[in-house]
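Q:
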Amino acid sequence: MLRGRRVKPRVERMGLVLEYFLQSGRYQQLGTYSVRNYPRPADDKYSHETLQSDPGFAVYGQKA
Numbered sequence: 441m442l443r444g445r446r447v448k449p450r451v452e453r454m455g456l457v458l459e460y461f462l463q464s465g466r467y468q469q470l471g472t473y474s475v476r477n478y479p480r481p482a483d484d485k486y487s488h489e490t491l492q493s494d495p496g497f498a499v500y501g502q503k504a
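Its first residue numbered 441, the sequence shown is counted upward by one per residue in our numbering.
#1: With H, G and I counted as helix, E and B as strand and the rest as coil, what does DSSP make of S506?
#2: To which residues of the same chain is M441 closer than 6 Å at the C-beta, ignoring the five residues directly before and after it?
#3: Which residue's Cα is closest to the Cα of Q468: Q492, V475, E459 and F497?
#4: Going along the chain, which residues of its own chain have a beta-carbon closer than 6 Å to the beta-carbon of G496, five neighbours each way excluded?
#5: In the DSSP assignment, what residue or residues form a beta bridge with V499?
#6: Using the Cα positions of V457 and P479, report the straight-line distance between them to the nearest angstrom.
Rendered as structure tokens:
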């Protein structure tokens, strides 16, 4: 696992996961996707704390 490593910023973590996918040789057509700064729904229990929703990050690929 990642024991002993410092926690990386979210974007760097996506790069790390992407590198794992690449090194495995099991995936092709790899990519990353991130979303942020979307408005938080009014009925969200944290809407009183911040107007923006939580960011989302994904690494994807097709099995080779």
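For glycine and all other residues, C-beta sits at the position ideal for the given N, C-alpha and C.
A: According to the data block:
#1: Here the chain covers residues 441 to 504 and nothing more, so residue 506 does not appear.
#2: Note that M441 scores a pLDDT of 49, beneath 50, so its modelled location is shaky; the value from the coordinates is reported in the next line. Within the same chain, M441 has no close Cβ partners at all.
#3: Cα-wise, what sits closest to Q468 is E459.
#4: Answer for G496: V475, listed in chain order.
#5: T472, per the DSSP bridge assignment.
#6: Their Cα atoms are separated by approximately 27 Å.
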